[in-house]
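First up is the structure itself, then whatever we jot down about it.
2 protein chains.
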Amino acid sequence: MIENDIFKALADPTRCAIFEKLASGSMNASALRQGIEISQPAMSQHLSVLRNAKLVREERQGRFVNYEVDPDGLALIAGWLAKYRAYWPARIDALKVLLRDMDQ
Amino acid sequence: MIENDIFKALADPTRCAIFEKLASGSMNASALRQGIEISQPAMSQHLSVLRNAKLVREERQGRFVNYEVDPDGLALIAGWLAKYRAYWPARIDALKVLLRDMDQ
DNA sequence: CCGACACATAAGCACACACTTATGCGATTC
DNA sequence: GAATCGCATAAGTGTGTGCTTATGTGTCGG
């Protein structure tokens, strides 16, 4: 059950922060450590978890490993969310506005 | 950070199953146990976690407590997801269609 | 080649979490 | 009003998780 791996991956605040940082632009593991107080092995382990959850994917470049957001994970979350669209409230107007912005 | 509570709540497969079952119709805690192999205290604790995450809300009815999906939690997930719309793949068109349907 | 570098992996440890059994509490029934 | 029911809470226990230090692997520069 991959969706569970996704939620488990995002359940950790540090991993959430890593993902958010990565969403602002792909970068390598060392660059990701900037601004986040974390050791190199810890970062490597977190990235491994995010990778298994398909939230992040790697791209080897020499001795560097460039990480970027993997759309697959986001798509899985969207798919999960869509299952419960019957319960989406009017308050989701914010999301609708965002989607409208996206359209143009 | 409430979003973290949401992801943490959904990180557990049992809670995921409870939420899914609840999405098919609101019911009380005892009814929720049917089909899920779980003790009464465990169910109570899981519901507490889901409640704190705003994924579920309760409605006291005499000595029964009726549980139902809380749209707030879903809205928060949708809001989180919307932040990363730049990475949504074309595959998420389905989501946009759903939102458009919701409009009318 | 040989050192430095970027990153992954191994092993150990402290803590969080999901479960258990036992008990408490309010509402209902008789 | 005593027993029962629906549910919550307390306390204890085993397992998972995130961190650490130490080490391994592959790549680059001199």
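First to last, the sequence lines map onto chains Z and H. No gaps in the numbering here: position 79 of the first sequence is 233 in my numbering, and each next residue is one more. No gaps in the numbering here: position 50 of the second sequence is 204 in my numbering, and each next residue is one more. By construction, the Cβ of each residue, glycine as well, lies at the ideal position given by its N, Cα and C atoms. Bear in mind the structure is a predicted one, so any value in this text is a computation, not a measurement.
Query	Result
What does DSSP give as the partner residue(s) for Y241/H in the beta ladder?	Answer is none; Y241/H lacks a bridge partner.
I need the straight-line Cα distance from N158/Z to Q215/Z, nearest angstrom please.	30 Å
Apply the 10 Å Cβ neighbour rule to G227/Z and answer buried if 16 or more other Cβ atoms are within range, or exposed otherwise.	buried
Please confirm whether L235/H and I231/Z have their CB atoms less than 9 Å apart.	yes
In the DSSP assignment, find the beta strand (DSSP E) that holds R217/Z and state where it starts and stops.	Element bounds for R217/Z: n/a, residue is neither H nor E.
So with Cβ pairs under 9 Å, would you call V203/Z a contact of chain H?	no
Using the C-alpha atoms, what's the distance from R169/Z back to I97/Z?	No information on residue 97/Z is available, as it lies outside the stretch 155 to 258 that chain Z covers here.
Is the CB-CB distance between A185/H and Q194/H below 9 Å?	no
Cβ of E191/Z less than 9 Å from any chain H Cβ?	no
Of all the CB atoms in chain Z, is at least one closer than 9 Å to the CB of I231/H?	yes
Check Q258/Z in the structure and name its three-state DSSP category.	Here the model assigns Q258/Z a pLDDT of 38, short of 50, so the residue's position is not dependable, and the following value carries that caveat. Coil, per DSSP.
Only counting runs of 4 or more residues, tell me where the alpha helix (DSSP H) segments fall wholly within the region 162–215 of chain H, in order along the chain.	167–177, 183–187, 194–206
What does DSSP give as the partner residue(s) for E157/Z in the beta ladder?	Note: E157/Z sits in no beta bridge, so no partner.
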